[in-house]
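**Student:** One structure, as structure tokens, below. Some questions next.
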Amino acid sequence: MVVPMIQSLRPGAEVNGQRLNQVRLNNDDMAITWQPRNKANGQPLQKSPIQRQIENAFPELASGLHLPRFARVEAPSEDVSGGDIADSIPPTLCRGSPAA
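Under UniProt numbering, the first residue of the sequence shown is numbered 1, with each subsequent residue one higher.
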């Protein structure tokens, strides 16, 4: 898009909900380009060529398998039947164990 020169239009500026990624000056005119973004999370809709090459070479990166997964235990699934859950003696020090 070609517009008259405006000083506040710089790469990285938000214009009409889009982020400018290139501004070229030609005499008194500015040619601006922007990268389309997802309105929900702000991520780019198109990936850069190097990002596409990396994801083709390493599909586990594209699928997110390298990221840790965290979980939270809400409640135990069943009652404890192996003894007292709050026993202060570790199992290796109990009588009758092979270590004793």
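Just so it is clear, CB atoms sit at the ideal spot from N, CA and C, and this is done for glycine as well.
For the beta strand (DSSP E) that contains Pro-4, what are its first and last residues?
**Tutor:** Its beta strand (DSSP E) spans residues 2 to 4.
**Student:** Any idea what DSSP makes of Gln-46, helix, strand or coil?
**Tutor:** Of the three classes helix, strand and coil, the one that applies to Gln-46 here is coil, per DSSP.
**Student:** So what does Val-23 bridge to, in DSSP terms?
**Tutor:** Val-23 pairs with Ile-32.
**Student:** How should Ile-50 be labelled, buried or exposed, when 16 other C-beta atoms within 10 angstroms of its C-beta is the threshold for buried?
**Tutor:** It counts as exposed.
**Student:** At what residues does the alpha helix (DSSP H) containing Ser-63 begin and finish?
**Tutor:** Run containing Ser-63: 59 to 63, per the alpha helix (DSSP H) assignment.
**Student:** Please name the residue in Asp-29, Pro-44, Met-30 whose C-alpha comes closest to that of Pro-36.
**Tutor:** Measuring from the Cα of Pro-36, the nearest candidate turns out to be Pro-44.
**Student:** Rounded to whole angstroms, what is the Cα-Cα separation between Gln-18 and His-66?
**Tutor:** About 30 Å.
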